[in-house]
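Enquirer: Residue numbers (the working numbering): 349 to 494.
Sharing a structure below in structure tokens format, with a few things to ask.
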Amino acid sequence: GLKIVIEAAGGIDPEKPRPGDLPEMLVRVDTTPPIAKLTRLEQGEGYFADHLIVSWQASESQGAGDQVSLSYSSQPRGPWVIAASNLRSNGRYAWRLARHLPTQFYVRLEVRDQAGNVATDQSAVPVTIDLPSPVGRLNSARSVGP
349 GLKIVIEAAG GIDPEKPRPG DLPEMLVRVD TTPPIAKLTR LEQGEGYFAD HLIVSWQASE
409 SQGAGDQVSL SYSSQPRGPW VIAASNLRSN GRYAWRLARH LPTQFYVRLE VRDQAGNVAT
469 DQSAVPVTID LPSPVGRLNS ARSVGP
């Protein structure tokens, strides 16, 4: 805790804090990283087949808002490419997958608290994605002509 003591120029000693006095301000240094845990990675179905549903648990000891980001890599040690950042710490994100992604990749969760402490978790095995192929068919056309 802190207490400001102002000394006068005339040499009059101000009242000094004594043991047991309450501080005017408390300073807390947060060195505890948040908790980050991937809980589920699941490819969507039907209309959402091109989404990866990512679920996680994140918590922070001071109760402050965490910043969450998701990354992916074809290798378990990276390099990591950001898939989504500045996510709310609500525990779920539907990531729309782009066609350029590899069919197998690792997912990494990063949670950063307001003090800058960081916790990460990543998938132990690669996620396998089977993106649907576009389908189209020509209808039999009627003869159009002279």
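Cβ atoms here follow ideal geometry from the backbone N, Cα and C, with glycine treated the same way.
Model, not experiment: these values are computed from the prediction.
For residue 452, which residues from the same chain have a beta carbon less than 8 Å from its beta carbon, with the 5 sequence-adjacent residues on both sides left out?
Expert: For residue 452, where only same-chain residues beyond five positions count, the Cβ hits under 8 Å are 422, 474, 475, 476 and 477.
Enquirer: Whole angstroms is fine: what's the gap from residue 386's alpha carbon to residue 375's?
Expert: Rounded to the nearest angstrom, the two C-alpha atoms are 32 Å apart.
Enquirer: Determine whether the Cβ of residue 392 lies closer than 9 Å to any Cβ atom of chain B.
Expert: Although the question refers to chain B, the structure presented lacks it and comprises just one protein chain.
Enquirer: Applying the criterion that 16 or more other CB atoms from any shown protein chain within 10 Å of the CB defines a buried residue, is residue 395 buried or exposed?
Expert: With fewer than 16 Cβ atoms within 10 Å of its Cβ, residue 395 is classed as exposed.
Enquirer: Buried or exposed: which applies to residue 370, given that a residue is buried once 16 or more other Cβ atoms fall within 10 Å of its Cβ?
Expert: By the 10 Å Cβ count, residue 370 comes out exposed.
Enquirer: Determine the burial state of residue 479: buried for a count of at least 16 other Cβ atoms within 10 Å of its Cβ, exposed for fewer.
Expert: When all chains shown are included, residue 479 counts as exposed.
Enquirer: Do you know how far the Cα of residue 468 is from the Cα of residue 391?
Expert: Roughly 22 Å between the two C-alpha positions.
Enquirer: Taking 9 Å as the cut-off, decide whether the C-beta atoms of residue 368 and residue 405 are in contact.
Expert: No, Cβ-Cβ distance for residue 368 and residue 405 is not below 9 Å.
Enquirer: Output the distance between the C-alpha atoms of residue 355 and residue 365, rounded to the nearest integer angstrom.
Expert: One C-alpha to the other measures close to 13 Å.
Enquirer: Output needed for residue 424: all residues of its chain with C-beta closer than 7 Å, excluding positions within five of it in sequence on either side, in chain order.
Expert: Closer than 7 Å at Cβ, skipping near neighbours: 454.
Enquirer: Quick one, are the C-beta atoms of residue 417 and residue 457 less than 9 Å apart?
Expert: Yes; because the gap between Cβ atoms is below 9 Å, this pair is in contact.
Enquirer: Roughly how many angstroms lie between the CA atoms of residue 436 and residue 460, to the nearest whole one?
Expert: For residue 436 and residue 460, the distance between alpha carbons rounds to 11 Å.
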